[in-house]
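If you're matching them up, the sequences are chains A and B in order.
The working numbering puts the first residue of the first sequence at 1, with every later residue one more than the last.
The working numbering puts the first residue of the second sequence at 1, with every later residue one more than the last.
Every residue gets a Cβ at the ideal spot worked out from N, C-alpha and C, and that includes glycine.
2 protein chains.
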Amino acid sequence: MSEQLMTIRQMCDAYDVTPRTLRFYEARELIFPERRGQHRLYDRRDRARLTLILRGKRFGFSLEQIRQLLELYEPGQHNQTQIAATIKVARERLTDMERQYAELRDAIADLKTTIDDSEARLARATGNTQQTG
Amino acid sequence: MSEQLMTIRQMCDAYDVTPRTLRFYEARELIFPERRGQHRLYDRRDRARLTLILRGKRFGFSLEQIRQLLELYEPGQHNQTQIAATIKVARERLTDMERQYAELRDAIADLKTTIDDSEARLARATGNTQQTG
DNA sequence: CGTTACGCTTACGCGAACGTAAACTTTGGG
DNA sequence: CCCAAAGTTTACGTTCGCGTAAGCGTAACG
Numbered sequence: 001m002s003e004q005l006m007t008i009r010q011m012c013d014a015y016d017v018t019p020r021t022l023r024f025y026e027a028r029e030l031i032f033p034e035r036r037g038q039h040r041l042y043d044r045r046d047r048a049r050l051t052l053i054l055r056g057k058r059f060g061f062s063l064e065q066i067r068q069l070l071e072l073y074e075p076g077q078h079n080q081t082q083i084a085a086t087i088k089v090a091r092e093r094l095t096d097m098e099r100q101y102a103e104l105r106d107a108i109a110d111l112k113t114t115i116d117d118s119e120a121r122l123a124r125a126t127g128n129t130q131q132t133g
Numbered sequence: 001m002s003e004q005l006m007t008i009r010q011m012c013d014a015y016d017v018t019p020r021t022l023r024f025y026e027a028r029e030l031i032f033p034e035r036r037g038q039h040r041l042y043d044r045r046d047r048a049r050l051t052l053i054l055r056g057k058r059f060g061f062s063l064e065q066i067r068q069l070l071e072l073y074e075p076g077q078h079n080q081t082q083i084a085a086t087i088k089v090a091r092e093r094l095t096d097m098e099r100q101y102a103e104l105r106d107a108i109a110d111l112k113t114t115i116d117d118s119e120a121r122l123a124r125a126t127g128n129t130q131q132t133g
């Protein structure tokens, strides 16, 4: 029970994805489930990777960018040159994310202000008092 | 000179997009340049909208979501019901952005840690001292 | 033993967001 | 006057991230 293998169906239920999606990610070499006969079996490592994949998608990263990032989490059979390259790519992603973080902060502030303004105008137009939240 | 109209080429150079992109956004009703004869001319309002469009794209919003948000910035010929609907949609986007902001913060922290770990391992493997920045 | 369920592979389809090519008009230069 | 540049429309092509359907294997259920 140290491995806790899951079928594709269990994975789909747990992560709210379709079988097609999991097979697609596998085809793109983002996850590598075992094969028990024909069937796929997903272990803890696969689930960790899937979590990172879905997170990365939410930030608008492409599957290829995510794949590169995932290499960082696999202290596997890479030589130093490859690892150094992976780290470099990861640093670029990190920079992207930090820039996006700052930009998002500003955009949130802007949007809040604009919504407030719009609400104020609407309130004056209707002559009613609108709720704020 | 109060309007500062720009040609499509000037817009492309200024915002690093292609003519195709600008025409595409216009077809999707995200921007509405004037027509001087056949040619398009972009004013300050178009540029402000384009800035918001490109920003929205960086956050992974679809052009349709962005279009809805843009309505918020146009105190135009909408009735109260439409404005209220627009505000509602905008609040949903705002919630999305705030969630993403928090998640991004965590992801940045995670990635930093992972990069550091990976670097430390690489340093031990090579026996060298690696730079951090 | 049939059929139902689940999974597999193969492959075509699709919406989003443009790229790219073709053919036409307009405008300015030599 | 001719041509090249810039812009326009129309329309088909492309990449990404899957959806969806067809057809096959096999394991379980009644």
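Exposure label - residue i; buried when at least 16 CB within 10 Å
{"i": "B:Gln131", "result": "With a pLDDT of only 49 at B:Gln131, under 50, the local geometry of the prediction cannot be trusted, and the value read off the model is given with reservation. It counts as exposed."}
{"i": "A:Gln82", "result": "exposed"}
{"i": "A:Gln77", "result": "exposed"}
{"i": "A:Pro33", "result": "buried"}
{"i": "B:Gln134", "result": "Because residue 134 of chain B is not part of the residues shown, which for chain B are 1 to 133, the question remains open."}
{"i": "A:Thr18", "result": "exposed"}
{"i": "A:Ser62", "result": "exposed"}
{"i": "B:Ala102", "result": "exposed"}
{"i": "A:Asp46", "result": "buried"}
Helix, strand or coil at residue i [DSSP, three-state]
{"i": "B:Ala36", "result": "Here the sequence assigns Arg to residue 36 of chain B, which means Ala is not the residue at that position. Of the three classes helix, strand and coil, the one that applies to B:Arg36 here is strand, per DSSP."}
{"i": "B:Leu41", "result": "strand"}
{"i": "A:Ile31", "result": "coil"}
{"i": "B:Gln4", "result": "coil"}
{"i": "A:Phe164", "result": "Look at the range of chain A in this structure, 1 to 133, and you will see that residue 164 of chain A is not part of it."}
{"i": "A:Thr21", "result": "helix"}
{"i": "A:Gln77", "result": "coil"}
Selected residue, minimal CA-CA separation from residue i, among the options
{"i": "B:Ile115", "options": "A:Leu69, A:Arg55, A:Arg40", "result": "A:Leu69"}
{"i": "B:Arg134", "options": "B:Glu103, B:Leu5, B:Glu98", "result": "Nothing in the structure corresponds to residue 134 of chain B, since chain B is present only between 1 and 133."}
{"i": "A:Thr7", "options": "A:Lys88, A:Gly37, A:Glu74", "result": "A:Gly37"}
{"i": "B:Leu50", "options": "B:Gly60, B:Thr21, B:Asp117", "result": "B:Thr21"}
{"i": "A:Thr86", "options": "A:Gln65, A:Met97, A:Glu103", "result": "A:Gln65"}
{"i": "B:Arg183", "options": "A:Phe59, A:Ala107, A:Ile31", "result": "Lying before the first or after the last residue shown, residue 183 of chain B is absent from chain B, which here runs from 1 to 133."}
{"i": "B:Ala84", "options": "A:Gly60, A:Gln100, A:Asp117", "result": "A:Asp117"}
{"i": "A:Tyr25", "options": "A:Tyr73, A:Arg67, A:Asp13", "result": "A:Arg67"}
{"i": "A:Gly60", "options": "B:Asp43, B:Arg44, B:Gln100", "result": "B:Gln100"}
{"i": "A:His39", "options": "A:Arg23, A:Leu30, A:Ala48", "result": "A:Arg23"}
{"i": "A:Glu3", "options": "A:Asp13, A:Ala48, A:Leu30", "result": "A:Ala48"}
{"i": "B:Glu98", "options": "A:Gly56, A:Leu30, A:Asp110", "result": "A:Asp110"}
{"i": "A:Glu119", "options": "B:Val89, B:Ile31, B:Arg44, B:Asp13", "result": "B:Val89"}
{"i": "A:Asp96", "options": "B:Asp43, B:Arg44, B:Cys12, B:Arg58", "result": "B:Arg58"}
Start and end residues, alpha helix (DSSP H) containing residue i
{"i": "A:Gln82", "result": "80-126"}
{"i": "A:Met11", "result": "8-15"}
{"i": "A:Tyr135", "result": "Beyond the ends of chain A as shown, which are 1 and 133, falls residue 135 of chain A; an answer cannot be given."}
Assumed close pair residue i, residue j - CB separation to whole angstroms, cut-off 8 Å
{"i": "A:Ala125", "j": "B:Gln80", "result": "6 Å"}
{"i": "B:Leu94", "j": "A:Lys112", "result": "7 Å"}
{"i": "B:Tyr15", "j": "B:Leu41", "result": "Contact doesn't hold; Cβ gap of about 15 Å is too wide."}
{"i": "B:Arg121", "j": "A:Pro75", "result": "6 Å"}
{"i": "A:Leu104", "j": "B:Leu104", "result": "7 Å"}
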